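Residue numbering for the sequence shown follows this note's numbering, starting at 2 and increasing by one per position.
Note that the Cβ used here is the ideal one computed from N, Cα and C, for glycine as well.
Owing to the predicted nature of the structure, the values given are computational and were not obtained by experimental measurement.
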Amino acid sequence: MHIDYNVLLDATRDDCPIPTIRTKEMLDEMVAGTVLKVVTSKEGTVRNLRTFVNNNHCELVCETRATEGFHFYIKKL
2 MHIDYNVLLD ATRDDCPIPT IRTKEMLDEM VAGTVLKVVT SKEGTVRNLR TFVNNNHCEL
62 VCETRATEGF HFYIKKL
């Protein structure tokens, strides 16, 4: 499945909570309607990103698991 995105954040080498912090920083710089793809390899980040999306002005377009980790597509509202 292919999902269009505007910005890529590769957080595969980052430990928690760094991927969530970097996600927030990236989304703060983006305009509404754009999609951020976050790639992480850490299980703990999955829960943190879900919570972040639920508590902030954004939408989880899709979440997938791939060989290199987890992919989150987050749309800024």
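No residue range can be given for residue 14, since it is assigned to no beta strand (DSSP E) and is classified by DSSP as neither H nor E. In the DSSP assignment, residue 45 falls outside any beta strand (DSSP E) and lies within the alpha helix (DSSP H) extending over 44-56. Between residue 37 and residue 60 the beta-carbon gap is near 11 Å, outside 8 Å, which marks them as no contact. For residue 78, the three-state secondary structure derived from DSSP is coil.
In terms of Cβ geometry, residue 41 and residue 18 do not form a close pair [threshold 8 Å].
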